[in-house]
Amino acid sequence: MSQLRKGVLEYCVLALLRDGQRYGFELVRALSEAEGLLVSEGTIYPLLSRLRRDDLVSTEWRESESGPPRRYYELTDMGQRALGEFSAEWIRFRDAVDALVTTQGEMGDERAH
Amino acid sequence: MNVHTDPLVDEYLRRLEVAAAGLPADRRLELVSEIRGHLREALRQVPEGDQAGVRNALERLGAPEEVAAAALDASEDSSTAVGQLSGLAVASLLMAVLWFAGIGAVLALGFGYRARREIRDSSGRKTGTGLATAGIILGWIGIVIVVVGAILIAVHPAR
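Those sequence lines, one after another, are chains E and A.
Letter 23 of the first sequence, counting from 1, is numbered 23 in our numbering, and no numbers are missing.
Letter 159 of the second sequence, counting from 1, is numbered 159 in our numbering, and no numbers are missing.
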């Protein structure tokens, strides 16, 4: 289960950046508000670092009106493409798993009766 | 609240630096700087002297050892993960070696350049740039051989 979560998490990060730049804290809090997705907020930063090194996101330091500058993350063209591919694949994957899991469950119910 | 004056935060960042010692220096600095920035934002909403609030923010981050382990894990993912060998790169080298009176050389160039583009766009999922480059170089040599051969035959027609 943790492998599954880990694999999907990076695309959730990309999806959060779809509508524009966000800074680290903002991203992490948005993820931790999604129930059951995130274990520890701190582990998102290594993930962001890897996405940057893989050229899926780019970063930029920007002044904030309150306090020190913030590091903003933004999707690159490659990140955009990866997200698009994942979204299409994910719908197929989700439907296939749903279909299997639901049928198995119903079969189990019938046996129990 | 100032991040740098809270002993709990100092202790957390110190433990993070120790736990992240195995990371390359730039990666470690980046991680510590991001976590420091995160805490600065998180503690902005915590009133001065609210120890429970500070503790809560640190707990949500996870243990520093856990964060560092995730960073070590992530750096292995991208530096040691072996991508899949590009079939086009293999085809390029094969065509260059077989040559086929110059036709192989032309195919080697086509496959080679396409392989390099495919590998570059794959963000590490495909490998074989070296093979593709070898195919391209041998392909060009193959074409030069054809051209020189054709010139020689034209200048010195068989007697």
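Glycine included, C-beta positions come from ideal geometry on N, C-alpha and C.
From a predicted model like this one, the values you see are computed outputs, not experimental measurements.
- Residues of the segment 68-80 of chain E that bring their beta carbon within less than 8 Å of a beta carbon in chain A comprise Pro-68, Arg-70, Arg-71, Met-78, in sequence order.
- For E:Ser-32, the enclosing alpha helix (DSSP H) begins and ends at 24-33.
- Remark: C-beta atoms of A:Val-54 and A:Asp-6 approach each other more closely than 8 Å.
- Three or more Cβ pairs closer than 8 Å define a contact, and the segment 58-71 of chain E falls short of that threshold against the segment 84-96 of chain A.
- Per the coordinates, the alpha-carbon of A:Gly-139 lies some 20 Å from the alpha-carbon of A:Arg-120.
- For E:Leu-51, the enclosing alpha helix (DSSP H) has its first and last residue at 44-53.
- Spanning the alpha carbons of A:Ala-101 and A:Val-146 requires a straight line of approximately 7 Å.
- Three or more Cβ pairs closer than 8 Å define a contact, and the segment 53-61 of chain E meets that threshold against the segment 75-89 of chain E.
- The beta-carbon of E:Ser-2 is placed no less than 8 Å from the nearest beta-carbon of chain A.
- Counting only residues of its own chain and dropping the five nearest sequence neighbours on each side, A:Val-46 has a CB closer than 7 Å to the CB of Met-1, Gly-53, Val-54, Ala-57.
- The DSSP-derived three-state label of E:Trp-90 is helix.
- What A:Glu-30 touches in chain E, judged by beta-carbon distance under 7 Å, is Ser-49, going in chain order.
- The continuous beta strand (DSSP E) containing E:Trp-61 extends over residues 57-62.
- Within the DSSP secondary-structure output, A:Thr-133 pairs in no beta bridge.
- Put simply, the backbone Cα of A:Gln-84 is about 26 Å away from that of E:Ala-96.
- Cβ neighbours of E:Gly-24 within its own chain (closer than 8 Å, five residues either side excluded): Ile-44, Tyr-45, Leu-48, Arg-70, Arg-71, Tyr-73.
- If you look at E:Leu-37, you'll find it isn't in any beta strand (DSSP E); DSSP assigns it neither H nor E.
- In the DSSP assignment, E:Leu-75 falls within the unbroken beta strand (DSSP E) covering 70-75.
- Its Cα nearest to that of A:Arg-114, the residue A:Thr-129 stands out among A:Thr-129, A:Glu-59, A:Gly-104.
- Just so you know, the alpha carbons of A:Arg-60 and A:Tyr-12 end up roughly 12 Å apart.
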